[in-house]
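**Q** Mind looking over this structure? Questions follow.
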Amino acid sequence: GGFKGQPRSITPDFDNTVEYFVWAGSDRLYFTADADGSRPIFTVNTRGEVRRGNVAGMQGSLSTSHDGRVLVYSSSALDKPPEVFVTSNPASGVALNISDVNKELLAKLDLPRPESVKVKVEGGDMQMWVLKPPGFDPSKKWPLVYLVHGGPQGAWEDGWSYRWNPEAWAAQGYVVALPNPRGSTGFGQKFVDEISGDWGGKCFDDLMRGLEYLESRPEIDKSRMAAAGASFGGYMMNWFQGHTDKFKTLITHCGVYNFESMYATTEEIWFDEWEHGGPPWGPNRSSYERHSPHKFAKDFKTPMLIIHNDLDFRVPVSEGHQLFTTLQRLKVPSKFINFPDEGHWVLKPANSAYWHREVFAWLKNYAPPGGKSR
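Numbering-wise (my numbering), the sequence shown opens with residue 1138 and increments by one.
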């Protein structure tokens, strides 16, 4: 038994990140990959011929029947929680929902379908999802929440989330925008790689171009704009503090504030060295200094909610402490929320409920929700 010969890539020219994969008979595989703000199912044979499926949304948890003729998978969308589907031909887009457990609940809810837009940025386009609130009236002006995803090598995709769910934010009475700037997956490896060593550079520029596009839309009230993000998104909120005054408030969750202290305390040292090209005492020290939010504290002025957790070993809680202390000393309106029993994410149901109550209350105080007459 065992394998013979040398391994070879059957997707050498496939330029996106493969996630799940599973055998489908003797000479084919099914796999999912981030692509243009979604995660479709692809088919590839041993000759390297790749076909993209026609199933919308975010697919995962692939499994095949013994003979490979039937594929079972989970599928969700920004406006639809996951269900279990079965198909004999992913390329056709025809699949049967065999769970349908959310049918009655979804019939009672107003979950608007988001719009996918492309914004011109340096070197190409940035894809962005725009979600309008339930009961949206186009004759009125609406407040905006600009949500920046984590990673930074990740993406806002057309899939359901049980943590940062855009539908929950929109339901508070906001237009919600989900940009995929430089560093996002699903738009080619070059687009991903351009974030490394440049966290506050091209990515920030992309986000500002996205914001300019949103400001040009007639339904957006530029006097009621807020931004929020977690992990890398939290870092970007901290970067926004010193580099833009567009927002009425910023909400930062477990974000990097000081690259040097982050390096010395994180459990993921390899990541910092990869992103900056080495340790902070190496030849790329300027990368740590150039894009560290704490270097720009003199320009901080936007009211800010900070959430950071004691069991976060990825971005340790000291990052949040430093940021909060700085804002308090500068007399910038700010509040610190700490979960002693949570890590990088807030996962316990009671804590999640508290998180959402506090976040939405803070948001509504500084950027009041709902449509207003023009």
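Even glycine gets a Cβ: it sits at the ideal position worked out from N, Cα and C.
Look at the alpha carbon of Phe1396 and the alpha carbon of Phe1461, and state the distance between them as a whole number of angstroms.
**A** As a first step, residue 1396 must be located in the sequence shown, where it is residue number 259. As a first step, residue 1461 must be located in the sequence shown, where it is residue number 324. Taking the straight line from one Cα to the other gives about 16 Å.
**Q** Measuring alpha carbon to alpha carbon, tell me which of Pro1420, Asp1436, Thr1386 ends up nearest Asn1502.
**A** Along the sequence shown, one-based indexing puts residue 1502 at 365. When each option's Cα is compared against that of Asn1502, the closest is Thr1386.
**Q** Measuring straight from C-alpha to C-alpha, what distance separates Pro1486 and Glu1479?
**A** Start at 1 with the first residue of the sequence shown, and residue 1486 comes out as number 349. Start at 1 with the first residue of the sequence shown, and residue 1479 comes out as number 342. Going by the C-alpha atoms only, they are around 11 Å apart.
**Q** Of all the options His1445, Thr1180, Trp1297, Ala1308, which has the alpha carbon lying nearest to the alpha carbon of Lys1472?
**A** Sequence index remark: in the sequence shown, residue 1472 carries index 335 (1-based). Closest by alpha carbon: His1445.
**Q** Residue range of the alpha helix (DSSP H) that Val1285 falls in?
**A** In the sequence shown, the residue the question calls residue 1285 occupies position 148. It is not in any alpha helix (DSSP H) - Val1285 instead sits in the beta strand (DSSP E) that spans 1277 to 1285.
**Q** Are the region 1280 to 1295 and the region 1138 to 1152 touching by the rule of at least three beta carbon pairs closer than 8 Å?
**A** Judged by Cβ distances under 8 Å, the region 1280 to 1295 makes no contact with the region 1138 to 1152, as fewer than three pairs qualify.
**Q** Please classify Leu1484 as buried or exposed, where buried requires at least 16 neighbouring CB atoms within 10 angstroms.
**A** Here the question's residue 1484 lines up with position 347 in the sequence shown. With fewer than 16 other Cβ atoms within 10 Å, it is exposed.
**Q** Look up Trp1160 in the DSSP assignment and say whether it is helix, strand or coil.
**A** Walking along the sequence shown from the start, residue 1160 turns up at place 23. Note: Trp1160 maps to strand in three-state DSSP.
**Q** Please report how far the alpha carbon of Ala1363 lies from the alpha carbon of Ser1225, in whole angstroms.
**A** By 1-based counting over the sequence shown, the position of residue 1363 is 226. By 1-based counting over the sequence shown, the position of residue 1225 is 88. Spanning the two alpha carbons is a distance of roughly 45 Å.
**Q** Confirm the yes/no value for this check: CB of Val1192, any heavy atom of the ligand ZN, distance under 7 Å.
**A** Ligands in the displayed structure: none, and consequently the ligand ZN is not present.
**Q** Taking the alpha-carbon of Ser1253 as reference, which of Asp1274, Ala1214, Lys1278, Pro1227 has the nearest alpha-carbon?
**A** Taking the sequence shown and counting its residues from 1, the one referred to as residue 1253 is at position 116. The residue with the shortest Cα to Cα distance from Ser1253 is Ala1214.
**Q** Take the Cβ of Gly1508 as the centre, count every other Cβ of all protein chains shown within 10 Å, and call the residue buried at 16 or more, exposed below.
**A** As a first step, residue 1508 must be located in the sequence shown, where it is residue number 371. With 16 or more other Cβ atoms within 10 Å, it is buried.
**Q** Check whether the region 1182 to 1192 and the region 1146 to 1159 touch, using three or more Cβ-Cβ pairs below 8 Å as the test.
**A** With a cut-off of 8 Å, the region 1146 to 1159 and the region 1182 to 1192 count as touching, because enough Cβ pairs lie within range.
**Q** With the cut-off set at 8 Å, would you say Asp1216 and Gly1323 are in Cβ contact?
**A** Start at 1 with the first residue of the sequence shown, and residue 1216 comes out as number 79. Start at 1 with the first residue of the sequence shown, and residue 1323 comes out as number 186. Not in contact: Asp1216 and Gly1323 (Cβ atoms no closer than 8 Å).
**Q** For the candidate residues Phe1179, Pro1506, Gln1378, Leu1199, whose alpha-carbon lies nearest to that of Asp1358?
**A** Within the sequence shown, numbered from 1, the residue matching residue 1358 stands at position 221. When only C-alpha atoms are compared, the closest one is Pro1506.
**Q** Of all the options Phe1450, Lys1383, Met1373, which has the alpha carbon lying nearest to the alpha carbon of Ala1504?
**A** Working through the sequence shown from its first residue, we reach residue 1504 at position 367. Of the candidates Phe1450, Lys1383, Met1373, the one whose C-alpha sits nearest the C-alpha of Ala1504 is Lys1383.
**Q** Would you call the CB atoms of Ser1360 and Cys1391 closer than 8 Å?
**A** The residue labelled residue 1360 in the question sits at position 223 within the sequence shown. The residue labelled residue 1391 in the question sits at position 254 within the sequence shown. The answer is no: Cβ separation not under 8 Å.
**Q** Among Val1221, His1286, Asp1204, Gly1197, which has the Cα closest to the Cα of Lys1240?
**A** Here residue 1240 is taken as the residue at index 103 of the sequence shown, counted from 1. Here the closest residue by C-alpha is Val1221.
**Q** Taking Ala1228 as the reference, which of Val1155, Glu1456, Phe1328, Leu1208 has the closest Cα?
**A** As a working note, residue 1228 is residue 91 in the sequence shown. The shortest Cα separation from Ala1228 among Val1155, Glu1456, Phe1328, Leu1208 belongs to Leu1208.
**Q** When the Cα atoms are used, what is the spatial distance from Val1452 to Val1393?
**A** Here the question's residue 1452 lines up with position 315 in the sequence shown. Here the question's residue 1393 lines up with position 256 in the sequence shown. Near 6 Å, if we compare the C-alpha coordinates of Val1393 and Val1452.
**Q** Would you mind working out which of Phe1273, Glu1404, Leu1467 sits nearest Pro1440, comparing C-alpha positions?
**A** For this step, residue 1440 is matched to residue 303 along the sequence shown. Of Phe1273, Glu1404, Leu1467, the residue nearest in Cα terms is Leu1467.
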